[in-house]
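In UniProt numbering, the protein residues as written are 1 to 537. Just so you know, even glycine gets a beta-carbon here, dropped at the ideal spot from N, CA and C.
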């Protein structure tokens with residue numbers, strides 16, 4: 001059945017909402033089916049691809065999760081949600097080095113997002129656990145490589161002989177799962193799985209006792225097989241992430257360093273920070289706040305000797321709580337926790353906490369309408385900026401505050417600085433934001449033609465980025481500006497010559513009447529009442 005444009009969009013929204021609800025209730029199989037249906041209606045919807053990738057990852061299918069994440073990045077390599085999901089898929093596949101590359105790439109694009117910092121931290125830890133630190137490896141250049149050459153030759157001979165002696169393979173309808181393991185290997189799996197080991201043993205027993213020839217038995221067999229495959233995948237991942245020798249090395253190192261105290265691993269805290277960030281990313285701010293508060297209480301219960309990076313973890317938890325309060329519009333509490341984040345960093349020289357605290361304090365002040373304070377914090381932070389992306393973001397926010405305070409000249413100056421940094425970083429999205437800020441500042445300054453040109457530049461960037469919302473807003477602004485320019489053109493031209501005001505001329509002084517010299521005696525005059533002049537003879 002064919003749908004019209006509006007009907008198709010409506011059906012897409014409904015199906016996408018259903019898929020999101022199923023994802024929230026952990027019904028990942030059903031959620032995948034609904035997201036697939038939504039993508040049939042809108043194949044280029046990036047958010048659906050990322051969400052379906054998360055479902056695949058939750059089910060342990062890293063191959064499909066990676067495929068969806070890469071598809072979401074085909075048209076826009078700067079789509080930060082797709083970059084994060086690709087990094088996550090690579091991490092859970094065990095490609096920690098590649099995951100670290102994409103976590104760093106995402107942080108460069110969006111330095112204000114905490115999820116990329118957490119990703120970098122866990123990927124670096126996994127790499128260190130897998131390959132070790134440099135001080136644990138001692139290399140030398142003595143000897144030659146002939147031993148390895150001889151080994152390769154011997155191995156080739158053994159393979160050739162084994163191929164000749166190998167009996168032909170017998171076809172099997174469905175091979176049974178191999179359950180025999182050595183005692184040492186079983187002990188390793190038990191340590192890896194922990195509480196899940198009992199579930200694994202139950203599924204293995206169910207697999208051996210089920211009859212896959214009947215319909216019900218086949219269903220039970222397939223479900224047990226699926227569960228065991230997932231647990232095997234997780235075991236391999238955990239073995240890569242933190243091998244047993246790495247765990248033994250960490251335990252021994254901690255015992256030597258703190259022989260009188262019981263060391264505590266910060267793996268749990270890092271896991272909680274990931275859950276807090278995940279809750280915030282789906283707008284569950286109350287849940288993230290409760291997790292952060294509980295986690296902070298637990299961290300406070302340990303000493304710095306027992307918990308590594310205690311101060312850095314406390315600062316990060318204060319930042320999480322501040323972000324949650326900010327989104328819940330509780331600005332005073334948000335300011336308090338971001339100030340605590342900054343204070344810990346400043347006191348104990350944790351540069352990341354100082355930088356993060358200043359960024360977030362500026363955001364709180366701006367949200368509260370205290371633009372002067374926001375400008376002061378962000379301008380102080382500017383010299384500490386490490387990347388062009390960070391510079392363009394800071395300059396843009398400072399310029400936006402100046403525009404709110406009716407200072408268009410300063411807003412335009414910071415907008416131009418933001419644009420220069422965005423062009424240096426080759427970031428189209430921030431070039432778009434900076435161009436809009438410059439154009440809006442020029443409108444305030446009555447520089448209408450340059451403003452229209454900057455709006456045109458911003459429109460081209462919005463079309464390139466396929467940002468339909470930005471494109472619509474810019475077109476509307478351009479129409480209003482065009483009308484204003486047209487009205488100004490129709491007005492009669494003003495006379496630019498200075499207006500000359502004539503000074504009043506001074507009245508001429510009355511000339512004195514000529515003095516009459518009488519031939520005889522002068523006449524005597526008198527005035528009668530009434531002002532009439534009478535002459536006497």
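In the DSSP assignment, residue 354 falls within the unbroken alpha helix (DSSP H) covering 351 to 368. Rounded to the nearest whole angstrom, the CA to CA distance from residue 99 to residue 406 is 45 Å.
Residue ranges of uninterrupted beta strand (DSSP E) with 3 or more members are absent from the region 15 to 73; none lies entirely inside it.
The three-state reading of DSSP puts residue 273 in helix, counting H, G and I together. In the assembly as shown, residue 399 is a buried residue. Its beta-carbon has 16 or more other beta-carbons within 10 Å.
Assigned with DSSP and collapsed to three states, residue 223 falls in helix. Taking a C-beta distance under 8 Å as the contact criterion, residue 345 and residue 353 qualify as a contact pair. Between residue 375 and the set 351, 348, 386 and 403, the nearest pair of CA atoms involves 403. Nearest to residue 89 by C-alpha distance, out of 51, 111 and 76, is 51. Positions of the beta strand (DSSP E) runs, each at least 3 residues long and wholly inside the region 417 to 476, cannot be given because no such run exists. In the same chain as residue 380, and ignoring 5 residues on each side of it, the C-beta atoms closer than 8 Å to its own belong to 358, in chain order. Taking 8 Å as the cut-off, the beta carbon of residue 451 is found no closer than this to the beta carbon of residue 462. Of the candidates 126, 329 and 200, the residue whose Cα lies closest to the Cα of residue 95 is 126. In this structure, residue 291 places its C-beta atom within 8 Å of the C-beta atom of residue 272. Here the alpha carbons of residue 77 and residue 41 stand approximately 23 Å from one another. Take the alpha-carbon of residue 282 and the one of residue 17: they are about 13 Å apart.
CA-to-CA, the gap between residue 22 and residue 28 works out to about 7 Å. Contact between residue 392 and residue 422 holds: CB atoms are separated by about 4 Å, below the 8 Å threshold. Per DSSP, the continuous alpha helix (DSSP H) segment holding residue 90 begins and ends at 80 to 93. Listed in chain order, the non-local C-beta contacts of residue 56 below 6 Å within the same chain comprise 64 and 65, local neighbours out to five positions each way being set aside.
The beta carbon of residue 102 is closer than 6 Å to those of 83, 86 and 87 in its chain, skipping five residues each way along the sequence. In terms of CA proximity to residue 69, 54 leads the group 59, 54 and 58.
DSSP places residue 387 outside any alpha helix (DSSP H), giving it a letter other than H or E. By the CB criterion at 8 Å, residue 435 and residue 412 fall outside the cutoff.
In this structure, residue 445 sits near residue 408, with a CB-CB distance shorter than 8 Å.
Listed in chain order, the non-local C-beta contacts of residue 396 below 8 Å within the same chain comprise 414, 415, 418, 430, 433, 434 and 437, local neighbours out to five positions each way being set aside. Excluding its 5 nearest sequence neighbours in each direction, residue 116 has C-beta neighbours in its own chain below 6 Å: 103, 106 and 107, listed in chain order. Residues of the same chain with a CB within less than 6 Å of the CB of residue 81, apart from the 5 flanking positions on each side, are 50 in chain order. Listed in chain order, the non-local C-beta contacts of residue 377 below 6 Å within the same chain comprise 358, 361 and 362, local neighbours out to five positions each way being set aside.
Here DSSP, grouped into helix, strand and coil, assigns residue 214 to coil.
For residue 341, same chain residues with a beta-carbon under 8 Å away, outside a window of 5 residues either side, are 315, 316, 318, 319, 322, 353, 356, 357 and 360 in chain order. Taking a C-beta distance under 8 Å as the contact criterion, residue 300 and residue 118 do not qualify as a contact pair. Sorting 480, 218 and 331 by C-alpha distance to the C-alpha of residue 370 places 331 at the top.
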